[in-house]
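Line by line, the protein sequences are chains A and B. Per the working numbering, residue 1 is the first one in the first sequence, and the count goes up by one each step. Per the working numbering, residue 1001 is the first one in the second sequence, and the count goes up by one each step.
Number of protein chains: 2
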Amino acid sequence: MTAPATTTDPETRLDRDDHEALRLWLRLFTCTTMIERVVDSTLRRDFASTLPRFDLLAQLFRSPDGLRMGELSARILTTGGNVTSLVAALEREGLVKRRPAPDDGRATLVRLTAAGRRHFTTMARAHERLIAGLFDGLSATERRALHAALGTLKQRFRPSRDTR
Amino acid sequence: MTAPATTTDPETRLDRDDHEALRLWLRLFTCTTMIERVVDSTLRRDFASTLPRFDLLAQLFRSPDGLRMGELSARILTTGGNVTSLVAALEREGLVKRRPAPDDGRATLVRLTAAGRRHFTTMARAHERLIAGLFDGLSATERRALHAALGTLKQRFRPSRDTR
DNA sequence: CCGATTTACTTGATATTTGAAGCAAATGGC
DNA sequence: GCCATTTGCTTCAAATATCAAGTAAATCGG
Chain A
1 MTAPATTTDP
11 ETRLDRDDHE
21 ALRLWLRLFT
31 CTTMIERVVD
41 STLRRDFAST
51 LPRFDLLAQL
61 FRSPDGLRMG
71 ELSARILTTG
81 GNVTSLVAAL
91 EREGLVKRRP
101 APDDGRATLV
111 RLTAAGRRHF
121 TTMARAHERL
131 IAGLFDGLSA
141 TERRALHAAL
151 GTLKQRFRPS
161 RDTR
Chain B
1001 MTAPATTTDP
1011 ETRLDRDDHE
1021 ALRLWLRLFT
1031 CTTMIERVVD
1041 STLRRDFAST
1051 LPRFDLLAQL
1061 FRSPDGLRMG
1071 ELSARILTTG
1081 GNVTSLVAAL
1091 EREGLVKRRP
1101 APDDGRATLV
1111 RLTAAGRRHF
1121 TTMARAHERL
1131 IAGLFDGLSA
1141 TERRALHAAL
1151 GTLKQRFRPS
1161 RDTR
């Protein structure tokens, strides 16, 4: 027979690590989902908007020169079809403007309108306060640690390129 | 006029904190969404399942005596209607069994079937390996810090009660 | 015990998201 | 330059999720 199971034989250890990672992921998922729900329902109630819409506007706000549809979908981590419908809705409301990219006949450049900028700024202020409130139970140390650990985690997915 | 703006006057400080919390939230959201996508597409490909289904089965696996519909929806953070349809589908596939709660005529108790337990165990093994792989870039210290910070964060939402 | 209220769940209409198929412009090899 | 392939976006059907309304059982106050 093989060695008697001690508390640190390789098999057991691996299992333990797996479980630990799983618990970590579960917690990450739960926290994010809970916050997401609070945020989304607040945006709905106060601004007749949603988190995906806010996210999209935020990306555009950061890119005054506009973004292509594809770039948008990559940044907000959603499908192209979804971006099409989000942008279409925002355009109907006059918050966003689409126009053909000058350098590529297939591409579309999306930009915030003046109204869109105003609207986003208002929302963003309320949004920041809400988020700050949700996170204010964390100590400065915890925040730093969280930020750093998530930064490391993100590397795994974004083999290179920008920060966010 | 008021005092000249130093780098630490209360207003500026508040703004800075708000922004910092926002960046933290953005990162949390991004990481979670990225992992979610990997996990979900893996579950789809390898097991013709999805993350919500996995989550639901996981809850039942932990509660051998079964759970009520309401308890399930609270745990997986989704609406009652959604749980009804998830459970209905899983029951059609024979992974789950519904029966009236003995002590309350309105309530339904959901339980894993033997097949459901087998199926979940298989999925869970693969799932754990995947997750462990995604998190293996984190040092032991980072994992602990992450787990702890998320624990603190969770308190904010679950004023009392169990851990997860 | 009775009616009013609350609780647990289901139903069905609506909204959102995905994923695959389609179209048009750009690119690359020849 | 021309055809094949790739890229950027849109469309539409199917899958999911939400929300509000409905049903039925339990609880509560008399």
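Every residue gets a Cβ at the ideal spot worked out from N, C-alpha and C, and that includes glycine. All values derive from a computational prediction rather than experimental measurement.
In the DSSP assignment, the residues bridged to B/Arg1099 are B/Leu1109. DSSP places A/Ile131 inside the alpha helix (DSSP H), whose first and last residues are Ala114 to Phe135. What B/Phe1135 touches in chain A, judged by beta-carbon distance under 8 angstroms, is Ala21, Leu24, Trp25 and Leu153, going in chain order.
Non-local beta-carbon contacts of A/Gln155 in its own chain, meaning distances under 7 angstroms to residues more than five positions away in sequence, are absent. Contacts with chain A (Cβ-Cβ distance below 9 angstroms) from the stretch 1101-1130 of chain B involve Ala1124, Arg1125, His1127, Glu1128 and Arg1129, listed in chain order. Positions of the alpha helix (DSSP H) runs, each at least 4 residues long and wholly inside the stretch 27-64 of chain A, are given as 51-62 in order along the chain. The beta carbon of A/Leu130 sits closer than 8 angstroms to those of Val38, Val39 and Thr42, all from its chain and outside the five residues before and after it, given in chain order. Taking 8 angstroms as the threshold, the shortest C-beta distance from A/Phe29 to chain B falls below it. Shown in chain order are the members of the stretch 1033-1056 of chain B whose Cβ falls below 9 angstroms from a Cβ of chain A: Thr1033, Met1034, Ile1035, Glu1036, Arg1037, Val1038, Val1039, Leu1051 and Asp1055. For the C-beta of B/Leu1086, not a single chain A residue is nearer than 9 angstroms; the gap to the nearest is close to 15 angstroms. Contact holds between the stretch 85-97 of chain A and the stretch 49-64 of chain A, because three or more Cβ pairs, one in each stretch, are under 8 angstroms apart.
Close partners of A/Ala74 in chain B (Cβ separation under 9 angstroms) are lacking, with about 11 angstroms as the shortest Cβ gap. With fewer than 16 other Cβ atoms from the protein chains shown falling within 10 Å of its own Cβ, B/Gly1133 counts as exposed.
A Cβ-Cβ distance of about 17 angstroms is found for the pair A/Met69 and A/Thr113, leaving them out of contact under the 8 angstroms criterion.
DSSP lists B/Val1110 as the bridge partner or partners of B/Leu1067. Annotated three-state conformation of B/Arg1156 is coil, per DSSP.
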